[in-house]
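Everything on this sheet refers to the single structure shown next.
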Amino acid sequence: MEHRTIGELMSRKVVSVRLDTPFKEIVRTLADHAVSAVPVLDSLGRPAGIVSEADLLRKAADRTDLSGRTPLPDLEAWERARAEGRTAGELMSAPAVCAHPEWTVVEAARLMEVQQVKRLPVVDEAEALLGIVSRGDLLRVFLRKDDAIREEIAREVIGRTARLGAAGVTAEVVRGQVALHGTVTDPLLVPVLVRMCASVDGVVSVSEDVRVTAGLTTPA
-18 MEHRTIGELM SRKVVSVRLD TPFKEIVRTL ADHAVSAVPV LDSLGRPAGI
32 VSEADLLRKA ADRTDLSGRT PLPDLEAWER ARAEGRTAGE LMSAPAVCAH
82 PEWTVVEAAR LMEVQQVKRL PVVDEAEALL GIVSRGDLLR VFLRKDDAIR
132 EEIAREVIGR TARLGAAGVT AEVVRGQVAL HGTVTDPLLV PVLVRMCASV
182 DGVVSVSEDV RVTAGLTTPA
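Residue numbers (the numbering used here): -18 to 201.
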C-alpha cells in the first residue's frame, strides 16, 4: 500500500520557543504566527514539551474574579503551579508526545487519540525537531482524488488477490467511498478485500456487493 508518511504531511517550518522564553513573548509568538501552540525546545533543539493557549490561559483563570459572576471551582495544585509559571519551561505540558517521519497516518492518529493531543512534534533518531504534524495535516489524506484511490485498489488489493479468486471484483470510488462489486470463489476473501480497501489512504468507507461462485474443479 502507498501510505503517506508523517514526513510527507508534516509542516517543516515550525514556530518554537525555548525553555526560558518569558510568558509575554510566548503570547506574542502565538499571535504573530496565528498558531495555538508551539513546541518548547531544550538547548539541543529537542522538544521538551508543548505550550498552548490553554496552558497560558490558566494564569487568567487563577486570578480572583471580583465581580463574582463566574463561580468556577478552584484550580488543582498542578494547575495552580502552571498558572504561576513565568517561562515556557514552567508553563508547558510535558513531556512532549512526538512522532517520527516514517510513521503512517494511522500510527500518528492513534497516538493523538490515546494521548488526547492535537499535534505532534516530529523528531529524528536523535530526538531533534524536524517538523510538526497536526490533526488537520492528517486529514489531508482524505483530499486524495477518487481516481488515484481506484487505481491503487485495482493494483494493490484486487491485483494481489486475483490469483486467490478475486479476479472478478471491481471497485467504484465516489468521494472516497468504495463500493466493491463482482464475484469471488472463496467466501473468506470478501472480508479480506474490505479490510485491505479500508486501509488505503483516502478511503472514507467500504461497502460490498460481492457474490461467491463455485470455483472450477479438476476432473478426477
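Ideal Cβ placement from N, Cα and C applies to all residues, glycine included.
Secondary structure note for L25: it is in no beta strand (DSSP E), with a DSSP letter that is neither H nor E. The residues M177, C178, in chain order, have a CB closer than 6 Å to that of V138 in the same chain once the five nearest residues on each side in sequence are set aside.
Inside the segment 93 to 142, DSSP marks whole beta strand (DSSP E) runs of 3 or more residues at positions 100 to 104, 110 to 115, from first to last along the chain. For T164, the enclosing beta strand (DSSP E) begins and ends at 158 to 165.
Nearest neighbour of D182 by Cα position, chosen from A148, V165, I134, turns out to be I134. Judged by DSSP secondary structure, T10 falls outside any beta strand (DSSP E) and instead within the alpha helix (DSSP H) spanning 4 to 14.
Counting along the chain, R176 sits inside the alpha helix (DSSP H) bounded by residues 170 to 179. With 16 or more other Cβ atoms inside 10 Å of its own Cβ, L101 counts as buried. Per the Cβ contact rule, the segment 70 to 87 is in contact with the segment 19 to 37 (3 or more Cβ pairs under 8 Å). With fewer than 16 other Cβ atoms from the protein chains shown falling within 10 Å of its own Cβ, L120 counts as exposed.
With fewer than 16 other beta carbons inside 10 angstroms of its own, G117 counts as exposed. Shortest Cα-Cα distance from A195 to any of V159, G149, V104 involves G149.
Straight across, the Cα-Cα distance linking G146 with V87 is about 29 Å.
In this structure L38 is exposed. Its beta-carbon is surrounded by fewer than 16 other beta-carbon atoms within 10 angstroms. If you look at A152, you'll find it isn't in any alpha helix (DSSP H); it sits in the beta strand (DSSP E) that goes 149 to 155. Under the three-state reduction of DSSP, V(-5) is assigned to coil, being neither helix nor strand. Rounded to the nearest angstrom, the gap between the Cα atoms of Q97 and P168 is 39 Å. When DSSP states are grouped into helix, strand and coil, V187 belongs to the strand group.
By the neighbour-count definition (other C-beta atoms within 10 Å, threshold 16), G140 is an exposed residue.
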